[in-house]
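The structure appears below as structure tokens.
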Amino acid sequence: MKRRDNNKAEGSRKRTRISGGDGRNASVFVGQLSTRTSWQDLKDHMRRAGNVDRANILKNSTGGSKNCALVDYEHPREAERAIRELNNSTLDGQRILVRVNEHSQGSQRHSPHVSSTPTAVYVGNLDYSVTWQTLKDKFKPFGRIEHAEVVEETGGRSRGWGLVRFADSHDAAAACRQMNNEDWMGRRLEVRPDKKDANNAPRQAEHRDDSNQIYVGNLSYETSWQNLKDFVRDVCDISDVRVEVIEGSDGRSKGYGIVKFNSSREATKAIRQLDERELQGRRLNVRADRGGSGSGGGGTGGGGGEASSGGEGCQLFVKNLSFDTKWQDLKDHFRQCGSVQHTEIMERPDGSSKGTGLVKFSNSDDAAPALKK
Numbered sequence: 104m105k106r107r108d109n110n111k112a113e114g115s116r117k118r119t120r121i122s123g124g125d126g127r128n129a130s131v132f133v134g135q136l137s138t139r140t141s142w143q144d145l146k147d148h149m150r151r152a153g154n155v156d157r158a159n160i161l162k163n164s165t166g167g168s169k170n171c172a173l174v175d176y177e178h179p180r181e182a183e184r185a186i187r188e189l190n191n192s193t194l195d196g197q198r199i200l201v202r203v204n205e206h207s208q209g210s211q212r213h214s215p216h217v218s219s220t221p222t223a224v225y226v227g228n229l230d231y232s233v234t235w236q237t238l239k240d241k242f243k244p245f246g247r248i249e250h251a252e253v254v255e256e257t258g259g260r261s262r263g264w265g266l267v268r269f270a271d272s273h274d275a276a277a278a279c280r281q282m283n284n285e286d287w288m289g290r291r292l293e294v295r296p297d298k299k300d301a302n303n304a305p306r307q308a309e310h311r312d313d314s315n316q317i318y319v320g321n322l323s324y325e326t327s328w329q330n331l332k333d334f335v336r337d338v339c340d341i342s343d344v345r346v347e348v349i350e351g352s353d354g355r356s357k358g359y360g361i362v363k364f365n366s367s368r369e370a371t372k373a374i375r376q377l378d379e380r381e382l383q384g385r386r387l388n389v390r391a392d393r394g395g396s397g398s399g400g401g402g403t404g405g406g407g408g409e410a411s412s413g414g415e416g417c418q419l420f421v422k423n424l425s426f427d428t429k430w431q432d433l434k435d436h437f438r439q440c441g442s443v444q445h446t447e448i449m450e451r452p453d454g455s456s457k458g459t460g461l462v463k464f465s466n467s468d469d470a471a472p473a474l475k476k
């Protein structure tokens, strides 16, 4: 039987509830779809999480796919399962994005971290090849865009960040919630309300007083850990810091790094002094490291380990390390097993190694060979 590849047929069905009695959302937003994906293909894929009431691929003015869709489930728990299990799954050769539908009945349209008035969104850590048009196309699924620009140097080269102004502040808030920390062109995006548009709201209000690590985003691919360390030391006048530039499985920088200080007071000072400073032609995004992605230390591995998983990735505890090994040695040693996100040497108060360390892999499959060796 031939499939009907049109949204009109599917969309004409009676729409059932899209939120539960408790206000939980039963609708999800699906992004990064292939242009060849039909509503039926999408519905079949999303059925893995539960009973799909409706799958609607959004269209542009010419009738073509916007590469995004809305999927309504019969129950909120099915939508929650879809977000948990189908985000980053593959459909028609594309890794899709699955998030809560911010505009459906029962969903929370206001973020506690976003003012109700700003419509301009700052997008940092962009690849140099991103143009205003590709930036606009990337954020179109969230609502009508009045203006998009990629900020350039005098010579016309991208500075690695841009601005997107939405017609509706709720659309801007949804873009911040759903696109912040998303991977695009190998770089982890920093998406937040534009500070000038947010009436100069206090910077980095979410910083935890007990955090002694900071995230440094929008780094140039050419920035090494030594470049970053020297920059932090010069600007902040703090000599004792441990720095790591995060790399992918191919050994190439992902465009961000982690800096660890001896105290939360030093970390807070660094955020204040480093945020929006330029390093090698790119405006830095600096905030508290929410993920607790430790850096520092060293070690060439050996003598057993234990695994733990928390948040993203899988973390190994490594014992019996040589006291003179470095975190980079540890990282290089474990790379033969898979993609290593970060490594850390556990230290005593005087800064000397305890002979133990942590290795965080991107996933448990990469960590498994390390436990066997």
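Reading the sequence shown from the start, the letters are residues 104 to 476 in my numbering. Just so it is clear, CB atoms sit at the ideal spot from N, CA and C, and this is done for glycine as well. All values derive from a computational prediction rather than experimental measurement.
{"Query": "Could you give the C-beta distance for C171 and G134, rounded to a whole number, given that I count them as a contact under 8 Å?", "Result": "5 Å"}
{"Query": "Using a Cβ-Cβ cutoff of less than 6 Å, which residues in the same chain neighbour G114 once the five nearest sequence positions on both sides are dropped?", "Result": "Unreliable placement is indicated for G114, whose pLDDT of 40 sits below 50; the coordinate value is still reported in the next sentence. Contacts found: N159."}
{"Query": "Do E255 and S261 come within 8 Å of each other at the CB atom, strictly closer than that value?", "Result": "yes"}
{"Query": "Which residue or residues does DSSP assign as beta-bridge partners of S261?", "Result": "E255"}
{"Query": "Of all the options E177, Y231 and G460, which has the alpha carbon lying nearest to the alpha carbon of W264?", "Result": "Y231"}
{"Query": "Starting from the Cα of A477, find the closest Cα among L377, F242, W142 and D427 and give me that residue.", "Result": "Given that the chain is displayed from residue 104 to residue 476, the structure contains no residue 477 and the question cannot be resolved."}
{"Query": "Could you compute how far the alpha carbon of F269 sits from the alpha carbon of G259?", "Result": "25 Å"}
{"Query": "Hey, quick one: how far does the beta strand (DSSP E) through S314 stretch, first residue to last?", "Result": "Run containing S314: none; DSSP gives neither H nor E here."}
{"Query": "Report the option in G460, V389 and N330 whose CA atom is closest to the CA atom of R427.", "Result": "With the sequence shown as reference, residue 427 is identified as Asp, and Arg is not the correct amino acid for it. Residue G460 is the option with its Cα nearest to D427."}
{"Query": "Check whether the Cβ atoms of I361 and Y324 sit closer than 8 Å, and answer yes or no.", "Result": "no"}
{"Query": "Leaving aside the five residues before and after N478 along the sequence, list all residues of the same chain whose C-beta is less than 7 Å from its C-beta, in chain order.", "Result": "In the structure as shown, the chain begins at 104 and stops at 476. Residue 478 is therefore absent and cannot be evaluated."}
{"Query": "Please say whether G441 and N228 have beta carbons closer to each other than 8 Å?", "Result": "no"}
{"Query": "Looking at V389 and F364, is the spacing between their C-beta atoms short of 8 Å?", "Result": "no"}
{"Query": "Considering only the alpha carbon of each residue, which of S356, S137 and Q143 lies closest to F174?", "Result": "It should be pointed out that residue 174 corresponds to Val in this sequence rather than to Phe. Per the Cα distances, Q143."}
{"Query": "Got a sec? Which residues, its chain only, sit under 6 Å from T446 by beta carbon, not counting five neighbours each side?", "Result": "W430, L433, K434 and V462"}
{"Query": "I'd like the list of long-range same chain contacts for L387, defined as Cβ closer than 8 Å, with 5 residues on each side in sequence excluded.", "Result": "V319, G320, N321, L322, L377, D378, E379, R380 and E381"}
{"Query": "In the segment 419-473, which residue ranges form an unbroken beta strand (DSSP E) of at least 3 residues, counting only runs that do not cross its ends?", "Result": "443-450 and 456-464"}
{"Query": "Starting from D286, follow its DSSP beta bridges and name the residues at the other end.", "Result": "R291"}
{"Query": "Using the Cα positions of M282 and L331, report the straight-line distance between them to the nearest angstrom.", "Result": "26 Å"}
{"Query": "Here's the rule: buried if 16 or more other CB atoms are within 10 angstroms of the residue's CB, otherwise exposed. What is K457?", "Result": "exposed"}
{"Query": "To the nearest angstrom, how far is the alpha carbon of A308 from that of L292?", "Result": "Residue placement at A308 cannot be trusted, given a pLDDT of 38 that sits under 50; what the coordinates show is reported in the next sentence. Each residue's alpha carbon lies about 19 Å from the other."}
{"Query": "I need the straight-line Cα distance from L136 to M449, nearest angstrom please.", "Result": "43 Å"}
{"Query": "From this set, D240, F245 and F464, which residue's C-alpha is nearest T222's C-alpha?", "Result": "F245"}
{"Query": "Going by DSSP, name the residue or residues bridged to V174.", "Result": "V131 and A158"}
{"Query": "Could you compute how far the alpha carbon of H273 sits from the alpha carbon of G153?", "Result": "28 Å"}
{"Query": "What would DSSP say about F245, mapped onto helix, strand or coil?", "Result": "helix"}
{"Query": "Taking the alpha-carbon positions, what's the N204 to S130 distance?", "Result": "6 Å"}
{"Query": "Just the Cα atoms here: how many angstroms apart are L189 and H148?", "Result": "9 Å"}
{"Query": "What are the boundary residues of the alpha helix (DSSP H) that E369 is part of?", "Result": "S367 to L377"}
{"Query": "Which residues in the same chain as L466 place their Cβ atom closer than 8 Å to its Cβ, once the five residues preceding and following it in sequence are excluded?", "Result": "The identity of residue 466 in the sequence shown is Asn, whereas the question assumes Leu. Here the set comprises G416, C417, G441 and S442."}
{"Query": "According to DSSP, is G335 part of a helix, a strand, or is it coil?", "Result": "Residue identity check: residue 335 is Val in the sequence provided, not Gly. Residue state, collapsed to three classes: helix."}
{"Query": "Opposite H250 in the DSSP bridges: which residues?", "Result": "R268"}
{"Query": "Going by alpha carbons, who is nearest to Q439 out of K422, A470 and S366?", "Result": "A470"}
{"Query": "Below 8 Å between beta carbons: does that hold for F132 and R202?", "Result": "yes"}
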